[in-house]
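*Asks:*
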Amino acid sequence: MFREIVSDAQIALGMHYLFLLAGGMVGAFGLMGREFMNRRFGQASLIAYSSRVLPVSERFIFANFLGKDIVYYFGLYILPFVAGFAFAAKFVPAGNFGAPSILLTLLLTLSLSFMIGISAVFFLSTVYAHSGKISLFCLFTASLFLLRISGNMNHETLYSLPSLSFFLAPSEKQLLLSGVLILVPSALSLIFLKLEFPQAQKSFSNSFSKLCGYLGSYRYAAFVAKDSLDLKRSEGGLGKIIFSFVLPFLLVWTLLSALGKVMPALSTLTLFALVLGVLSSSMYNWLTEYDIFSSYSFLPLRVSDMIKSKLNSYLLLNLIPLVILTTLALKNDPSSLIPSLLLFLTISLYMVSVLVYLTGLSPSINLYNGKTFALYTLSVMPLLLLNIILSMFGPYYALVDLLLVPVALYLLLKGFRKWDCNESRYF
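Numbered by my numbering, the letters in the sequence shown go through residues 2 to 428 in order.
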């Protein structure tokens, strides 16, 4: 029945744009030049600093970082995806996708889509690092333009992605165009990469007391104020929100709006709320990026206190996607506002509760553990697939996700106890 509704070309379209988005989410290398040089990335910063004592340029080192990430994510995302697709084709009718030559072409074109996403965002983040407010204004204008045209896009526009066009109708022209879209932005980004070595001294006005004053006697006021300053003063603070959060959201909304015309059974707003809830969990990674519990070990605090403070900051940051979703819902489908908001809030809460339970204060490190990543994937993927299927029957099926609230609260409480016990072993 599914194959009667969705064609091979539409399946290919969804896969290629999925990996284009995945590449865009990990491509903000242009903001990292200053962070690496400020010794915030441990061994990675040590490698970056080798350019000061070895006959190796900083740009050569960053080119290797870029290549390393492409190889890493190829092994983490693309290869398992195509292998799983090939395995499933043995048991489920897969049409043309079952042919070995098609699967090899798919492996190539999904890799090209991923690299196009990386190179595009790498270039945009480099422009942002150089021009700051000017590029921010340009990005804001471009975002409004994308939202404006999203309602007028048709499926033919989506099929113009060179890697997708090559998969559907292989030609040297599309392969060459894909290579140009990868190599030219990446080369320009590496040439103009902004590298700043830390100064001997930096001074800032006392914003901490002012922020604490705004928050009043709130229990976690000091921690939320600190998180706010960390995010603001870390290199590319606002850029992180743009390139790993707002920009992917705008791209997802644009794609879903056009996809909704191709497959009317899909509820665009419901799917967007689902994606919004998943991507918003990445904000927990930002908040824990620079903190380790040993820095607070001399204070009368437990690990659970630190995690709770991060969750408070996380809730405040969630106002950004909440405003985006509310605005789009009121503009496009006011009747779906309540179920979409409930879906976003429940998925966001569940995702962060799984992160807290599995990774504690170090999601950026612990998720690289194979076992932890497998548990994380098994905890969220079936739920996401179920929601995608339910979205075809109407937005109010999203109310089923309210059942996730007690599960999320249970995971949070269990996570607090788990990490309190784990950290206490080291002190």
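The C-beta atom is built at its ideal place from N, Cα and C for all residues, glycine as well.
May I have the straight-line CA-CA distance separating L310 from L194, to the nearest angstrom?
*Replies:* Position 309 of the sequence shown, counted from the first residue, corresponds to residue 310. Position 193 of the sequence shown, counted from the first residue, corresponds to residue 194. Sequence inspection shows Ser at residue 310; the Leu mentioned does not correspond to that position. In a straight line, the C-alpha of S310 is about 35 angstroms away from that of L194.
*Asks:* Of the residues L113, S190 and A121, which one's Cα is nearest the Cα of L165?
*Replies:* Taking the first residue of the sequence shown as position 1, residue 165 is located at position 164. With distances taken between Cα atoms, L165 lies closest to L113.
*Asks:* Check the C-beta distance from L412 over to Y369 and give it rounded, since I have them as a contact under 8 angstroms.
*Replies:* Residue mapping note: residue 412 aligns to position 411 of the sequence shown, counting from 1. Residue mapping note: residue 369 aligns to position 368 of the sequence shown, counting from 1. Not a contact, Cβ separation roughly 21 angstroms.
*Asks:* Quick one: grab the DSSP three-state call for K372.
*Replies:* Position 371 of the sequence shown, counting from 1, holds the residue named residue 372. K372: helix per DSSP, three-state reduction.
*Asks:* Between the Cα of A23 and those of F273, N65 and Y78, spot the shortest distance and give me the residue it belongs to.
*Replies:* Taking the first residue of the sequence shown as 1, we reach residue 23 at position 22. That would be Y78, whose Cα lies nearest to the Cα of A23.
*Asks:* Out of A13, A87 and M352, which one is the CA nearest neighbour of G278?
*Replies:* Along the sequence shown, one-based indexing puts residue 278 at 277. Checking every option, the nearest Cα to that of G278 belongs to M352.
*Asks:* Over the uninterrupted alpha helix (DSSP H) stretch that includes P340, give me the two end residues.
*Replies:* Taking the sequence shown and counting its residues from 1, the one referred to as residue 340 is at position 339. From DSSP, the alpha helix (DSSP H) with P340 extends over L338 to T360.
*Asks:* Measuring CB atoms only, is the region 163–178 touching the region 8–18, in the sense that at least three cross pairs come out at less than 8 angstroms?
*Replies:* Segments in contact, yes.
*Asks:* Would you mind stating whether T347 and V304 have Cβ atoms separated by less than 8 angstroms?
*Replies:* Working through the sequence shown from its first residue, we reach residue 347 at position 346. Working through the sequence shown from its first residue, we reach residue 304 at position 303. Result no, Cβ atoms of T347 and V304 do not sit closer than 8 angstroms.
*Asks:* Please say whether S341 and T269 have beta carbons closer to each other than 8 angstroms?
*Replies:* In the sequence shown, residue 269 corresponds to position 268, counting from 1. In the sequence shown, residue 341 corresponds to position 340, counting from 1. No, Cβ-Cβ distance for T269 and S341 is not below 8 angstroms.
*Asks:* For the alpha helix (DSSP H) holding Y74, just list the boundary residues, first then last.
*Replies:* As a working mapping, residue 74 is identified with position 73 in the sequence shown. Where Y74 is concerned, the enclosing alpha helix (DSSP H) stretches over E59 to Y74.
*Asks:* Are T327 and L338 touching if we call contact CB-CB under 8 angstroms?
*Replies:* As a working note, residue 327 is residue 326 in the sequence shown. As a working note, residue 338 is residue 337 in the sequence shown. The answer is yes: Cβ separation under 8 angstroms.
*Asks:* State the DSSP-derived secondary structure class of M16, mapped to helix, strand or coil.
*Replies:* Along the sequence shown, one-based indexing puts residue 16 at 15. Helix at M16.
*Asks:* The alpha helix (DSSP H) with P396 in it runs from where to where?
*Replies:* Here residue 396 is taken as the residue at index 395 of the sequence shown, counted from 1. Segment: none, P396 is in no alpha helix (DSSP H) and carries neither H nor E.
*Asks:* Let me know if H131 comes out buried or exposed under the rule of 16 or more other beta-carbons within 10 Å of its beta-carbon.
*Replies:* Residue mapping note: residue 131 aligns to position 130 of the sequence shown, counting from 1. Looking at its Cβ environment, which holds fewer than 16 other Cβ atoms inside 10 Å, H131 is exposed.
*Asks:* Is it buried or exposed for S354, if we count other Cβ within 10 angstroms and need 16 for buried?
*Replies:* Residue mapping note: residue 354 aligns to position 353 of the sequence shown, counting from 1. When all chains shown are included, S354 counts as buried.
*Asks:* Residues in its own chain within less than 7 angstroms of L404 by CB, not counting five upstream and five downstream?
*Replies:* Position 403 of the sequence shown, counting from 1, holds the residue named residue 404. So no residue of the chain qualifies.
*Asks:* Please state whether DSSP places A100 in a helix, a strand or coil.
*Replies:* Working through the sequence shown from its first residue, we reach residue 100 at position 99. Three-state result, A100: coil.
*Asks:* Going along the chain, which residues of its own chain have a beta-carbon closer than 6 angstroms to the beta-carbon of V367, five neighbours each way excluded?
*Replies:* By 1-based counting over the sequence shown, the position of residue 367 is 366. Residue identity differs from the one stated: residue 367 is Asn in this sequence, not Val. Correct list, in chain order: T360 and T373.
*Asks:* Counting along the chain, where does the alpha helix (DSSP H) carrying D306 start and finish?
*Replies:* Position 305 of the sequence shown, counted from the first residue, corresponds to residue 306. Segment V304 to L318, the alpha helix (DSSP H) holding D306.
*Asks:* Give me the residue from Y285, A330, L300 and P335 with the minimum Cα distance to N319.
*Replies:* Stepping through the sequence shown from its first residue, residue 319 is reached at position 318. Of the candidates Y285, A330, L300 and P335, the one whose C-alpha sits nearest the C-alpha of N319 is Y285.
*Asks:* Can you tell me which of S172, L385, C422 and S229 puts its alpha carbon nearest to the alpha carbon of L288?
*Replies:* Indexing the sequence shown from 1 puts residue 288 at position 287. Among S172, L385, C422 and S229, the Cα nearest to that of L288 belongs to S229.
*Asks:* For E59, is the classification buried or exposed, using 16 other Cβ atoms within 10 angstroms of its Cβ as the cut-off for buried?
*Replies:* Locating residue 59 in the sequence shown gives position 58, counting from the first residue. Buried, by the Cβ-count rule.
*Asks:* With a threshold of 8 angstroms on Cβ separation, who are the neighbours of N423 within its own chain once the five nearest residues in sequence on each side are excluded?
*Replies:* Here residue 423 refers to the residue found at position 422 of the sequence shown. These residues qualify, in order along the chain: V304 and G361.
*Asks:* Is the separation between the beta-carbon of V225 and that of S314 shorter than 8 angstroms?
*Replies:* For the purposes of this step, residue 225 is taken as residue 224 along the sequence shown, with counting starting at 1. For the purposes of this step, residue 314 is taken as residue 313 along the sequence shown, with counting starting at 1. Closer than 8 angstroms, so yes.
*Asks:* Measure the C-alpha to C-alpha separation of R40 and S120 and round it to an integer number of angstroms.
*Replies:* Locating residue 40 in the sequence shown gives position 39, counting from the first residue. Locating residue 120 in the sequence shown gives position 119, counting from the first residue. In this prediction, R40 has a pLDDT of 44, which is less than 50 and means its spatial position is unreliable; nothing more can be read from the coordinates.
*Asks:* Do F123 and P186 have their C-beta atoms closer together than 8 angstroms?
*Replies:* By one-based count along the sequence shown, residue 123 stands at place 122. By one-based count along the sequence shown, residue 186 stands at place 185. Contact flag set, yes.
*Asks:* If you drop the 5 nearest sequence neighbours on each side, which residues of the same chain put their C-beta closer than 7 angstroms to that of E290?
*Replies:* Here residue 290 corresponds to residue number 289 of the sequence shown, with the count starting at 1. Within the same chain, E290 has close Cβ partners S365.
*Asks:* Whole alpha helix (DSSP H) runs in the region 161–193 with 4 or more residues, listed along the chain?
*Replies:* You should have 163–169 and 173–192.
*Asks:* Look up G416 in the DSSP assignment and say whether it is helix, strand or coil.
*Replies:* On the sequence shown, residue 416 is found 415 positions in, with the first residue counted as 1. Helix.
*Asks:* Taking the alpha-carbon of I117 as reference, which of F61, K91, G85 and S179 has the nearest alpha-carbon?
*Replies:* Start at 1 with the first residue of the sequence shown, and residue 117 comes out as number 116. Among F61, K91, G85 and S179, the Cα nearest to that of I117 belongs to S179.
*Asks:* What is the rounded straight-line gap between the Cα of L414 and the Cα of F61?
*Replies:* The residue given as residue 414 occupies position 413 in the sequence shown. The residue given as residue 61 occupies position 60 in the sequence shown. One C-alpha to the other measures close to 46 angstroms.
*Asks:* From this set, K419, T255, D334 and S282, which residue's C-alpha is nearest L316's C-alpha?
*Replies:* Walking along the sequence shown from the start, residue 316 turns up at place 315. Among K419, T255, D334 and S282, the Cα nearest to that of L316 belongs to S282.
*Asks:* I'd like the list of long-range same chain contacts for L376, defined as Cβ closer than 8 angstroms, with 5 residues on each side in sequence excluded.
*Replies:* Locating residue 376 in the sequence shown gives position 375, where the first residue counts as 1. L359, listed in sequence order.
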